[in-house]
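> Okay, here's the structure, questions in a sec.
2 protein chains.
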Amino acid sequence: MPERPELDFPRPLTTVDVVIFAIRSDALQVLLVQRPRAETEPFPGVWALPGGFVDIAGDRDLEACAVRKLKDKTGVVSPYLEQLGSWGSATRDPRGWSATHAYFALLPEHAAGGALAADAQWFAVEGEKVRPKLAFDHAEILHAAVQRLRSKVEYTSLPAYLMPPEFTLPELQRTFEIVLDRPLEKSAFRTRMLAADLIEPVARMRKGPNRPAQLYRLKKARAPVFFARTFNPPG
Amino acid sequence: MPERPELDFPRPLTTVDVVIFAIRSDALQVLLVQRPRAETEPFPGVWALPGGFVDIAGDRDLEACAVRKLKDKTGVVSPYLEQLGSWGSATRDPRGWSATHAYFALLPEHAAGGALAADAQWFAVEGEKVRPKLAFDHAEILHAAVQRLRSKVEYTSLPAYLMPPEFTLPELQRTFEIVLDRPLEKSAFRTRMLAADLIEPVARMRKGPNRPAQLYRLKKARAPVFFARTFNPPG
DNA sequence: CTAAGTTAGTTGGACTGTACAACTAAGTAT
DNA sequence: ATACTTAGTTGTACAGTCCAACTAACTTAG
Numbered sequence: 394m395p396e397r398p399e400l401d402f403p404r405p406l407t408t409v410d411v412v413i414f415a416i417r418s419d420a421l422q423v424l425l426v427q428r429p430r431a432e433t434e435p436f437p438g439v440w441a442l443p444g445g446f447v448d449i450a451g452d453r454d455l456e457a458c459a460v461r462k463l464k465d466k467t468g469v470v471s472p473y474l475e476q477l478g479s480w481g482s483a484t485r486d487p488r489g490w491s492a493t494h495a496y497f498a499l500l501p502e503h504a505a506g507g508a509l510a511a512d513a514q515w516f517a518v519e520g521e522k523v524r525p526k527l528a529f530d531h532a533e534i535l536h537a538a539v540q541r542l543r544s545k546v547e548y549t550s551l552p553a554y555l556m557p558p559e560f561t562l563p564e565l566q567r568t569f570e571i572v573l574d575r576p577l578e579k580s581a582f583r584t585r586m587l588a589a590d591l592i593e594p595v596a597r598m599r600k601g602p603n604r605p606a607q608l609y610r611l612k613k614a615r616a617p618v619f620f621a622r623t624f625n626p627p628g
Numbered sequence: 394m395p396e397r398p399e400l401d402f403p404r405p406l407t408t409v410d411v412v413i414f415a416i417r418s419d420a421l422q423v424l425l426v427q428r429p430r431a432e433t434e435p436f437p438g439v440w441a442l443p444g445g446f447v448d449i450a451g452d453r454d455l456e457a458c459a460v461r462k463l464k465d466k467t468g469v470v471s472p473y474l475e476q477l478g479s480w481g482s483a484t485r486d487p488r489g490w491s492a493t494h495a496y497f498a499l500l501p502e503h504a505a506g507g508a509l510a511a512d513a514q515w516f517a518v519e520g521e522k523v524r525p526k527l528a529f530d531h532a533e534i535l536h537a538a539v540q541r542l543r544s545k546v547e548y549t550s551l552p553a554y555l556m557p558p559e560f561t562l563p564e565l566q567r568t569f570e571i572v573l574d575r576p577l578e579k580s581a582f583r584t585r586m587l588a589a590d591l592i593e594p595v596a597r598m599r600k601g602p603n604r605p606a607q608l609y610r611l612k613k614a615r616a617p618v619f620f621a622r623t624f625n626p627p628g
């Protein structure tokens, strides 16, 4: 196509990466995969976010590509998948100018317990980091994902997507506290959550270690909801 | 590089587009450029968002590329530039699988009044659309940009970046009202704005058509600020 | 020069939702 | 039976919005 010179411009490498969060063992965890040890690969053996090249032949669009990569590593489709942003520069990949489209997904604990790919493993999020060193600029992407998750929690009910199909209000509050890494006020949390209209009570009660507690589930309409204030804890 | 087969995968076309907003003539406007009329181009003569291919040789990263395209069309550098998201699919560009990294910028009126590129022109945003038909999926991107702008206004003081260096509170409120396309409550707006700690009074007063009004300017620390409620108007 | 009009900014009461502590109720453990 | 734990409620204080009415300072029309 000599009359369309820009089509012959060198094109950046294009990838999609997914930051997959779940609450496991009472902690916020993220799924990482270990890069192949082959010397021909960049960052051999280093932990990285799940992701990889866009398949022009197979992927209809970016989100389909993200869903594919999520399913490859976890075997499930996330109930919540949101675009996080994109990172592109001349230096982030040693193979050349590259751009990645990053997504972030929330997985309920029961879905996160399934069969993982052999090279995948859960890691606790500590602060806004993770223990192992990450390949490429994935530490920066993870940082942005944790910040986005935390900031959205302040004015939406996003963490509800981290819950199993049925849950109690104290369980939901515990999930919020894990994500935000700070204690929340009980009665304000309850007022907000019920006003937010994202969850609805189900008929059954849970027989906990103490008195039976009301079970709730996510409503079908899943739009994150605006909150008024930021229920700060006592003290 | 025969041992790195993925490097020889066909790569998507990669572009950067910028949604540039300004308040002009008491309305929210967006900058569009008319695509060249050459028959070899897709969408010849159609209006589109400013943008184009990433220059692997010249652009350090995606944001630098966005700044370059902004400057090319307006001659200025925006005081506010934020990544909006990315759109990529097999069908959005007739030339093949393509992905664009979209940014959105806010320009103060005085900066938006400068010398535009010959192919560029301001258009009023009506609802969440613009009068002319747009090339590619740019209507969808513009829609997302307007929604992002409006939704962020509910809990940040973003529109302050659309103001000239010094402005009065009623002028700022008018800008908010134009962006949100609804009237706001005067005293609540004032309380919030001052509490938000994004603006500070300057010594001078403006001699308006009536009594002198206090001038404010943006503070150096420019972090958008969380707001509590959503000051609804009377009625 | 005066009167009417316009706009900046303030004040006060009704209302809503958070902060916080104290309370009740219903189960469990010893 | 008694003590402990946890789910959920209640009540008071407080902050910020909603709304209308008000004051103050300037402009404009007659």
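Here the protein sequences come in this chain order: A and B.
So for the first sequence, the numbering used here puts the first residue at 394; every next one is plus one.
So for the second sequence, the numbering used here puts the first residue at 394; every next one is plus one.
The C-beta atom is built at its ideal place from N, Cα and C for all residues, glycine as well.
So A/T407 contacts chain B; which residues on that side make the cut at Cβ distance below 8 Å?
Chain B residues near A/T407: R404, P405, T407, G481, A492.
> Closer than 7 Å, Cβ to any Cβ of chain B: which residues of the segment 444–475 of chain A, in chain order?
F446, V447, I449, R453, D454, L455
> Just the Cα atoms here: how many angstroms apart are B/E519 and B/V469?
Between the C-alpha atoms of B/E519 and B/V469 there is a straight-line separation of about 25 Å.
> Using DSSP's beta-bridge definition, name the partner residues of B/I534.
Checking the DSSP bridge columns, you'll see B/I534 has no partner listed.
> Just to confirm before moving on: does the CB-CB distance between A/T568 and A/I416 stay below 7 Å?
yes
> Distance, Cα to Cα, A/G444 vs A/K462?
6 Å
> Around the C-beta of A/M598, are 16 or more other C-beta atoms found within 10 angstroms, so that it is buried, or is it exposed?
exposed
> Give the straight-line distance between the Cα atoms of A/L611 and A/L587, rounded to the nearest whole angstrom.
12 Å
> Output the distance between the C-alpha atoms of A/P405 and A/S491, rounded to the nearest integer angstrom.
5 Å
> So for B/I413, helix, strand or coil by DSSP?
strand
> Based on Cα-Cα distance, which residue from B/I571, B/A538, B/C458 lies nearest to B/T408?
B/C458
> Please classify B/E475 as buried or exposed, where buried requires at least 16 other C-beta atoms within 10 Å of its C-beta.
buried
> Any Cβ of chain B within less than 7 Å of the Cβ of A/G438?
no
> Nearest-angstrom Cα distance between B/L608 and A/A553?
44 Å
> Return the chain-ordered list of same chain residues with a C-beta closer than 6 Å to the C-beta of B/P525, the five sequence neighbours on each side being excluded.
W440
> Give me the chain A residues within the contact set of B/Y548, using Cβ-Cβ distance strictly less than 7 Å, ordered along the chain.
Y548
> Would you say B/G520 faces chain A, with C-beta separation under 7 Å as the test?
no
> Would you be able to state if there are at least three C-beta pairs under 8 Å between the segment 498–517 of chain A and the segment 423–442 of chain A?
In short, these stretches touch, since the Cβ pair count reaches three.
> Pull up the DSSP beta-bridge partners for B/E475, would you.
B/E475 pairs with B/F497.
> Are any of the Cβ atoms in chain B nearer than 7 Å to that of A/G506?
no
> According to DSSP, is B/I449 part of a helix, a strand, or is it coil?
coil
> State the DSSP-derived secondary structure class of B/M586, mapped to helix, strand or coil.
helix
> Are A/S479 and B/H494 touching if we call contact CB-CB under 7 Å?
yes
> Pull up the distance between the alpha-carbon of A/V411 and that of A/Y496, whole angstroms please.
Roughly 5 Å between the two C-alpha positions.
> DSSP on A/F529, reduced to helix/strand/coil?
coil
> Considering only residues of the same chain and omitting the five flanking positions on each side of B/G507, which have a CB-CB separation below 7 Å?
T467, G468, V469
> Measure the alpha-carbon distance for B/K600 versus B/D530 and round it to whole angstroms.
46 Å
> For A/E533, which residues from the same chain have a beta carbon less than 8 Å from its beta carbon, with the 5 sequence-adjacent residues on both sides left out?
W480
> From the DSSP output, in three-state form, read off B/V426 for me.
Strand at B/V426.
> In the DSSP assignment, the alpha helix (DSSP H) including B/L463 goes from what residue to what residue?
455–467
> Considering only their Cβ atoms, is the gap separating B/Y473 from B/L509 smaller than 7 Å?
No.
> Quick one: what's B/K522 bridged to in DSSP?
Answer is B/E519.
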